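Quick note: the sequence shown uses full-length UniProt numbering, first residue 1, plus one each step. Every residue, glycine too, gets a C-beta built ideally from N, C-alpha and C. Model, not experiment: these values are computed from the prediction. Shown next, in structure tokens, is the structure this report addresses.
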Amino acid sequence: MFMRIDHIGIACNDLEEKIALFSGLFELTVVAREVNEEQGVKEAMLHIADGEGGGSYIQLLEPLDADSPVGKFLARRGEGVHHVAFGVPDVAGAMEQIGAKGVRLLDKHPRHGSMGSSIAFLHPKDVGGMLTELVQAARP
Ligand code: CMX
Ligand code: CO
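As structure tokens, then:
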């Protein structure tokens, strides 16, 4: 079902500061910057590698407001790893397959993710405490 790790999402108080940190430490390049109102984030994707059906990235996330998922996470736990995203060939199919196993889907339908992808989230409490994102990358 999973083809690769698409990205690790990191919650940040200050996006520009963390872009400078990660790109400096690991020699990574920012390949996309977006505001995703629906997800309540301002974000940057730092490219690691290309792979089957899409690439691998670090996703840096600054909340647009305190009430958003990342805003609440920062208030409760502080900066750090917020979620892990896995590449799938068909996000709607993966949602159906995983939902049938009793995992709570946080999205009824796939939503818009970074760089034209389609995404959906699984409840962390049903995945060993890991907030999990499914990603179907945009067609090249
Ligand atoms: N990782 C692991 N556990 C988490 C978590 C996270 N990121 N966020 C919350 N939790 C835990 C809480 O600690 C809480 O556990 P306890 O009951 O043991 O304290 C439990 O989940 C439920 O918490 P809650 O108070 O209901 O939490 P929220 O209202 O903040 O909702 C969640 C949590 C996961 C349902 C919500 O953040 C969500 O729907 N996330 C999906 C969307 C998202 O995260 N978008 C931003 C990223 C966008 C992108 O990647 O493009
Ligand atoms: Co993500």
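Chain-ordered list of residues that sit, by beta carbon, closer than 7 angstroms to a heavy atom of the ligand CO: 7, 9, 59, 83, 85, 113, 114, 119, 133
For residue 4, the nearest candidate out of 23, 41, 48 (CA to CA): 48
Residue 166 versus 112, 115, 113, 133, residue with shortest Cα-Cα distance: Lying before the first or after the last residue shown, residue 166 is absent from the chain, which here runs from 1 to 140.
Residue 68 CB to nearest heavy atom of the ligand CMX below 8 angstroms: yes
Contact between the segment 1-20 and the segment 80-94 (3+ Cβ pairs under 8 angstroms): yes
Inter-residue spacing [alpha-carbon to alpha-carbon] between residue 55 and residue 6: Roughly 6 angstroms separates the two Cα atoms.
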